[in-house]
Amino acid sequence: MKKVKVLRVMLLSSVAMSVIGCAGTPKTAESLPIANGNGAVVIPISMENTNEAKKYPCRSISFEVKKVFRTPEELDKFEAREIYLFDKPNFGLITDLEPGEYMFDEFKCHANYRRVFNDGQSYIRKRASVYFEVEPNTVTVSSQTFVGESEYDATGSSSFSAHFEYVTKQDKEKALKALKAKGVPAGWSFNF
């Protein structure tokens, strides 16, 4: 009888841990959903001087998207999102945002596996000023492009930077081409 109770407890614990363990920062979308009246924003990504044989030091960047104009009840509301960088994407896509003006003013660069930053931290927090306006059933582009740069010398030492720069026409075109290659459901328009 004790074995059955122990097995039940173990089974319930493992189910609870797997359900609880799945919670985390939502990843940005891979493609556009069916148009539903909400909007989407593309954040262009430029990975520069990154060696194909070596991984970029940040496995992902995360940020909290907030409305620019908020009521007192909305002051603590935000949408946490994360863009994974391991396959060097051309863009991050945030979908299902209600129409309005949004921004985020900082982001975290999360260390790649088996890497730590500054005294053992798993991430670096950096300032940013990224703004975008969301319109119904429209894909817009953010005001800034994420730029990840890394350099390696002959000894194997490396340095890197992670920052946002003003978006360029080339960044927009590259992101739009990559997004359209994934397919665009009917009902979406583009404001690039």
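Taken in order, the sequence shown gives residues -18 to -1, 1 to 174; the numbers are from mature numbering (1 follows the signal peptide of the UniProt record, and there is no 0).
Note that CB positions come from ideal geometry on N, CA and C, so glycine has one too.
Beta-bridge partners assigned by DSSP to Phe99: Gln103.
A distance of 9 Å or more separates the beta carbons of Val112 and Ile27.
Your pair Leu14 and Val149 does not check out as a contact, with CB atoms roughly 19 Å apart and the cut at 8 Å. In the structure shown, the three-state DSSP call for Lys70 is coil. Counting of Cβ neighbours within 10 angstroms places Gly74 among the buried residues, the total reaching 16 or more. Just measuring C-alpha positions, the residue of Ala136, Ser124, Pro81 sitting nearest Gly21 is Pro81.
The residue among Ala144, Phe45, Asn18 with its C-alpha nearest the C-alpha of Val129 is Ala144. Per DSSP, the continuous alpha helix (DSSP H) segment holding Glu155 begins and ends at 151 to 163.
Bridge partners of Tyr148 according to DSSP: Gln126. Distance check between Trp170 and each of Glu117, Lys156, Ser124, Phe86 places Glu117 closest, using alpha-carbon atoms only. In this structure, Ile43 places its C-beta atom within 9 Å of the C-beta atom of Leu67. Sorting Phe45, Lys70, Glu56, Pro54 by C-alpha distance to the C-alpha of Glu131 places Lys70 at the top.
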